[in-house]
Structures are given as C-alpha cells and as structure tokens.
Amino acid sequence: MILFLTFVAATLAITVWASRQTKTAADYYAGGRSFSGVQNGLAIGGDYMSAASFLGIAGIIALSGYDGFLYSIGFLVAWLVALLLVAELMRNSGKFTMADVLAFRMSPRPVRTAAGVSTIVVSIFYLLAQMVGAGALVGLLLGITGEAGKAWTIVGVGALMIVYVVFGGMKGTTWVQIVKAVLLMGGAALVTLLVLGKFGFNLSALLGQAAATSGPEGNPESFLIPGLKYGTEAQGLAGKIDLISLGLALVFGTAGLPHILIRFYTVPTARDARKSVLWGIAIIGVFYLLTLVLGFGAAALVGKEDIAAGDAAGNTAAPMLAQRIGEEIFGTVGGTILLALIGAVAFATILAVVAGLTLASSSSFAHDLYAHVFKRGQVTERQEVVVARVSALIIGAIAIGLGILAQGQNVAFLVALAFAVAASGNLPAILYSLFWKRFNTAGAVSAIYGGLVSALLLVIFSPVVSGTKTALLPDADFAWFPLSNPGIISIPLGFLCGWIGTVLSKEYNAAKYAEIEVRSLTGVGAEKASQH
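Residue 1 is where the sequence shown starts when you use the working numbering, and the numbers rise one by one after that.
What follows is the structure, given as structure tokens:
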C-alpha cells in the first residue's frame with residue numbers, strides 16, 4: 001500500500017505541475033510540442049507497454065507456452081510499419097489528431113466525424129483491457145477475490161485516470177508515461193535477472209522446467225511448440241486461420257492506434273519524430289524479450305494451475321512470479337516486497353496507458369467532433385479544451401462500466417481486438433490518404449466505417465462474446481463467426497471499402513494531394529500549420 005500510494009502521490013504531483021503549464025490547446029493536446037526525441041521515445045514505450053504487455057502476455061505464455069509468445073512478436077514487429085509508413089509523415093501532415101491528416105485534402109465534416117467515432121471506439125476497447133488488468137492486479141495484492149471488490153478497484157483506477165487527463169493534459173500524461181517506462185523496464189529486468197539466476201542463466205533449463213511444470217500431461221513438450229492455443233485438433237483449420245488473423249491485427253494495428261498517433265505531434269520536428277520511434281522500438285524490443293522469461297518463468301516456478309486459480313485468464317502471472325522468486329531467494333519478506341514492487345509498477349503501467357487513451361479519445365471528440373463538426377470551426381481554444389475535459393469524464397465512465405462487465409478476459413487478448421479494429425478502420429484511411437493521389441472523401445468515410453463496422457460485427461458474433469465459458473456472455477450462444485480475431489476478414493474489407501468508395505466518387509483535388517505529399521515528405525509548411 002505504501003508503494004502504491006507513493007506512486008499515486010508522485011504522479012498526482014506531476015499532474016498538478018503540468019496543469020499550471022497547460023495554457024493553450026497545443027499544450028493540452030500536444031504538450032506544447034516541447035518533448036525531445038528521447039523523451040517522446042520513452043513516453044511511446046510507456047504508452048505502448050500496457051497492462052496487456054506486462055500482465056497479459058506473461059499470463060498467456062504461462063498458460064499457453066509458445067503460442068503466447070506470438071503476441072510479443074506481433075506487438076514488436078508492428079513498430080516497423082509505424083516507423084516506415086506513418087510516424088514522420090503524420091508528424092509533418094497533422095496538428096493534434098489523426099483526423100487532421102484525413103481532413104486536409106477532403107471534405108472535413110464527414111471525415112472528422114468518421115475518424116472521431118473510430119478513435120473513440122478503438123480507445124474504449126483498449127481502455128477495457130487496462131481496466132480488467134487493474135481489477136485483477138489490485139485484487140491479488142489486496143486479497144480481494146469477489147467481483148464486487150474488483151469492480152470498486154476498477155472504479156478507483158478510472159477516477160485517477162480522469163484526474164490525470166482533465167488536469168494534466170498531454171504534458172502531465174507524457175511525464176507520467178516517462179516515469180512509468182523507466183519503472184517498468186527496471187522492474188521487469190530485475191525479475192528477469194532473478195529468474196535467470198535461479199536457472200544458472202541457462203534458458204534451456206528454464207524452458208524445460210516450464211514444460212515439465214505447466215505442459216499438458218503425457219505431452220509436456222507441446223508447451224514449447226506451436227499449437228497449444230491456436231491450431232489444436234479440436235479447432236482444426238479455424239485455429240490456424242485465427243492465428244494468422246491475430247498476427248495481421250497486431251502488425252497492422254499499431255500504426256492505426258489513436259493514442260500512439262497523437263504522440264508524434266508532441267515533438268518539434270520530423271527528425272525528432274523519427275528519433276522517438278527508434279528509441280521506442282529499442283525500449284519495446286528489450287521489454288518483449290523480457291516477457292519471454294517472465295512468462296516461462298511463471299510457468300516453471302508458479303505453475304499453470306496456481307496461476308489459473310489466482311486469475312483464470314492468467315493476468316496475475318507476473319506478480320505471482322515476483323512473489324515466488326522473491327520468497328525463494330530472499331525469504332517471505334523479500335517475496336512480499338518484490339510482489340509489492342512489481343504490483344506498483346504494473347499499476348503505474350495501467351494508469352499511464354489509460355491516461356493516454358482517454359486523452360486521445362477526448363481530444364478527438366473535442367477537436368474533431370465538437371469544434372469542427374458541431375460548431376463548424378466557430379469555437380475558441382478555451383471552449384475546445386473545456387469540452388475535451390468534460391468528454392474525458394464521460395469516456396472514463398463508459399470504460400469503467402465496460403471494464404466491470406469484462407472481468408475474466410485476458411487483457412492481451414482484449415487489446416488484440418482493439419488492434420484489429422484500428423487496423424481495419426484507421427490504417428486503410430491513413431495509408432490511402434498519404435499515398436494514393438485519387439483518394440477522396442467518400443473513400444475515407446467508406447474505409448473507416450467499413451473496417452470499423454465489419455470488425456465490430458465479427459467480434460459480436462464471435463466466441464469472444466458468446467458460446468464459450470470465458471465469453472462476455474457465457475450463457476448465450478449466437479457465435480456463428482468461428483474466429484476470435486476478425487482481422488483476416490475486416491482488414492482487407494477496410495481497404496476494399498476505401499477503394500470502392502473512392503472509385504465510385506468523382507471528387508478529386510490534385511492540388512491538395514500535391515501539397516500534402518510535399519508536406520508529409522519534407523515537413524515544409526507543417527510548422528506553420530501546427531501553430532495556426
């Protein structure tokens with residue numbers, strides 16, 4: 001409790017400081033574009049290494065072995081798409097939100113409406129995962145086992161998140177994410193070194209012990225090869241396709257995540273945007289290698305049955321591993337302290353990420369929907385920021401309610417759904433807008449709504465929502481779509497809808513495309529636009 005309260009007090013102090021520095025819309029949305037490439041790289045790492053990364057991936061590896069590590073690979077490889085196709089171009093082309101890029105060469109109201117809706121939906125999916133992780137984590141640390149206790153935990157996390165965003169804006173959120181990234185890397189590295197030391201820094205010995213302890217009876221080696229979670233005999237071909245679908249969502253989803261895209265606007269130059277992504281990749285790459293040891297370490301030292309007993313989805317595997325390895329090396333007190341340390345780090349992770357997500361969605365509502373759609377640009381900066389703060393309250397409340405309903409789901413899996421929705425709706429519109437000369441308003445709206453609606457419908461009629469014991473509605477069964485991850489269908493549909501909408505419309509603005517092409521590739525005119 002002392003560690004928890006210390007971190008909460010420190011982050012609230014940062015938020016109070018940042019609130020005094022936040023005077024304009026640029027301060028609230030983009031932190032005054034005052035962060036260096038290294039600082040923004042740390043913040044990107046802090047934003048991206050979510051509860052899904054730390055709690056969910058470690059849990060999936062501990063329960064499903066090799067197949068769980070595929071999440072780590074997908075989350076990491078995704079950054080190459082973001083670096084090569086999106087980061088610098090977005091920084092040069094936009095102002096505060098993803099919709100700024102799309103609306104530049106198209107009819108702004110329909111495009112901003114579509115982008116705003118998509119941003120809010122993706123952010124709420126992602127927020128859902130963080131809330132579930134918070135309930136599982138704090139429940140473990142405080143000994144809360146009932147659903148009501150975890151629900152109150154989710155309410156508490158949501159309230160803190162709202163405070164960070166409403167008062168601190170981007171500046172406060174960024175500094176919280178920087179602090180959290182340093183803490184998370186340190187905590188994960190400490191547990192990793194202790195686990196490796198336990199096995200004499202022999203990774204083969206660790207993997208062998210993990211398979212012997214947590215592998216299926218009669219065939220423990222299957223824990224270390226593909227097929228334990230995806231592609232089992234019971235799943236057949238659908239399981240293999242589901243795995244490909246998951247990979248597509250993870251790799252293409254990052255470049256369409258709203259809370260990641262707005263991070264590129266917090267740096268002063270395109271060079272800093274590139275540098276921040278490179279730093280982000282380095283930090284994130286090391287971290288996902290650590291999740292391999294954390295997941296298999298939990299499988300080896302805690303055991304699959306004990307992990308599932310603590311949380312059926314495996315979300316508490318990393319804290320349980322910290323406690324177990326601490327007890328074995330330092331005794332009971334050492335185990336308790338290490339558990340508290342890792343728990344506080346994971347809690348910091350959740351708070352930082354939910355703040356970033358809430359900021360992205362509230363910014364999109366205020367800047368895109370309220371200022372440009374409802375008020376047609378006739379609004380002051382002060383009014384816009386007030387609306388952003390009010391919408392943060394509403395979005396936070398929605399996330400709290402859905403988080404309570406989704407308890408029992410694995411947080412890495414829930415985030416994969418957010419990635420699928422982002423890859424299906426946002427990414428086609430962004431790439432077409434930056435690289436296709438013929439692209440127009442009808443194409444942008446069709447791409448966003450086509451990908452978004454198809455992904456949501458396939459999720460609703462999938463085993464995620466009904467038909468299985470771990471579904472959101474376990475007593476119902478309307479799951480006619482066999483895959484848990486819709487990306488393999490919805491991502492191509494998003495691109496197809498964008499193409500069809502474009503070719504069926506005669507709208508075309510060659511001059512605007514030429515301008516955004518020069519701006520995105522060179523940065524000429526971007527600084528003037530961002531100060532406008």
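Where a beta carbon is used, it is the ideal one built from N, C-alpha and C, also for glycine. Because the structure is a prediction, the values reported are computed rather than measured.
On the three-pair Cβ rule with 8 Å, is the segment 81-88 touching the segment 332-341? Between the segment 81-88 and the segment 332-341 there are fewer than three C-beta pairs closer than 8 Å, too few to call the two in contact.
Identify which residue in Phe478, Val345, Val385 and Leu206 has its Cα closest to the Cα of Ser361. Comparing alpha-carbon positions, the option among Phe478, Val345, Val385 and Leu206 lying closest to Ser361 turns out to be Val385.
Does DSSP put Ser484 in a helix, in a strand, or in coil? Coil at Ser484, not helix or strand.
Could you tell me if Phe7 is buried or exposed, where buried requires 16 or more neighbouring beta carbons within 10 angstroms of its beta carbon? Classification of Phe7: buried, given that the 10 Å Cβ count is 16 or more.
Which residue comes first and which comes last in the alpha helix (DSSP H) that contains Ala151? Annotation: the continuous alpha helix (DSSP H) that includes Ala151 extends over Glu147 to Val163.
Around the C-beta of Thr380, are 16 or more other C-beta atoms found within 10 angstroms, so that it is buried, or is it exposed? Answer is exposed; the Cβ neighbour count stays below 16.
For the alpha helix (DSSP H) holding Leu243, just list the boundary residues, first then last. If you look at Leu243, you'll find it in the alpha helix (DSSP H) that goes Leu237 to Gly253.
Buried or exposed for Asp311, please, with buried defined as at least 16 other CB atoms from any protein chain shown within 10 angstroms of its CB. With 16 or more other Cβ atoms within 10 Å, it is buried.
Rounded to the nearest angstrom, what separates Lys437 and Ala151 at their Cα positions? Lys437 and Ala151: Cα-Cα distance of roughly 49 Å.
Boundaries (first-last residue) of the alpha helix (DSSP H) holding His259: Note, His259: alpha helix (DSSP H), Pro258 to Leu261.
Could you tell me how far apart the beta carbons of Ser364 and Pro216 are, in whole angstroms, since I believe they sit closer than 8 Å? Contact flag wrong, Cβ pair sits at about 45 Å.
Use the C-beta contact count for Met1: other C-beta atoms within 10 angstroms, 16 or more gives buried, fewer gives exposed. Met1 counts as exposed, since fewer than 16 other beta carbons sit within 10 angstroms of its beta carbon.
Element boundaries [alpha helix (DSSP H), containing Glu328]: Per DSSP, Glu328 is one residue of the alpha helix (DSSP H) stretching across Ala317 to Ser364.
Status (buried if at least 16 other CB within 10 Å, exposed otherwise) for Leu237: Under a 10 Å Cβ-count criterion, Leu237 is classified as exposed, with fewer than 16 other Cβ atoms of the shown protein chains found around its own Cβ.
Do Gly487 and Gly425 have their C-beta atoms within less than 8 Å of each other? Not a contact, by the Cβ cut-off of 8 Å.
Below 8 Å, how does it come out for the segment 321-335 and the segment 299-308: are there three or more Cβ pairs, yes or no? Three or more beta-carbon pairs separated by less than 8 Å link the segment 321-335 to the segment 299-308, which places the two stretches in contact.
In angstroms with no decimal places, state the Cα-to-Cα distance between Leu89 and Gln130. Approximately 29 Å, taken between the alpha carbons.
Would you identify the three-state DSSP class for Phe7, choosing helix, strand or coil? Phe7: helix per DSSP, three-state reduction.
May I ask you to verify whether the segment 349-360 touches the segment 41-59, counting CB pairs closer than 8 Å and requiring at least 3? Yes, the segment 349-360 touches the segment 41-59.
Decide if Asn485 is buried, meaning its Cβ has at least 16 other Cβ atoms within 10 Å, or exposed. Under this definition Asn485 is a buried residue.
Is Gly247 near Gly74, with beta carbons less than 8 Å apart? Less than 8 Å divides the Cβ of Gly247 from the Cβ of Gly74.
CA nearest to the CA of Ala423, picked from Leu393, Val267, Thr254 and Tyr265: The residue among Leu393, Val267, Thr254 and Tyr265 with its C-alpha nearest the C-alpha of Ala423 is Thr254.
Once DSSP output is grouped into helix, strand and coil, what is the label at Ser466? The three-state reading of DSSP puts Ser466 in strand, counting E and B together.
Could you tell me which of Ile500, Gly156, Pro482 and Val101 sits nearest to Leu5, measuring between CA atoms? Nearest neighbour of Leu5 by Cα position, chosen from Ile500, Gly156, Pro482 and Val101, turns out to be Gly156.
Give the straight-line distance between the Cα atoms of Leu102 and Ser391, rounded to the nearest whole angstrom. Inter-residue distance for Leu102 and Ser391 is about 22 Å (C-alpha atoms, whole angstroms).
Taking C-beta to C-beta, are Val445 and Ala114 nearer than 8 Å? Yes. Within cutoff.
Inspect the beta-carbon positions of Ser107 and Thr441 and report whether they are closer than 8 Å. Yes. Within cutoff.
Measure the C-alpha to C-alpha separation of Ala249 and Gly256 and round it to an integer number of angstroms. Distance between the alpha carbons of Ala249 and Gly256 is about 10 Å.
Per DSSP, what are the beta-bridge partners of Leu473 in this structure? As computed with DSSP, Leu473 is found in a beta bridge with Ser466.
Can you grab the Cα-Cα spacing for the pair Tyr71 / Arg376, in whole Å? For Tyr71 and Arg376, the distance between alpha carbons rounds to 42 Å.
Which value, in whole angstroms, describes the spacing of the CA atoms of Ala273 and Val86? Straight across, the Cα-Cα distance linking Ala273 with Val86 is about 10 Å.
Quick check: the Cα distance between Phe419 and Leu224, rounded to an integer number of angstroms? Going from the Cα of Phe419 to the Cα of Leu224 covers about 26 Å.
Under a three-way DSSP split, which group does Asp47 fall into? Three-state DSSP puts Asp47 in a helix.
Beta carbon of Ile124 nearer than 8 Å to that of Ile395: The answer is yes: Cβ separation under 8 Å.
Quick check on Asn40: buried or exposed, where buried means 16 or more other Cβ atoms within 10 Å of its Cβ? Burial call: buried.
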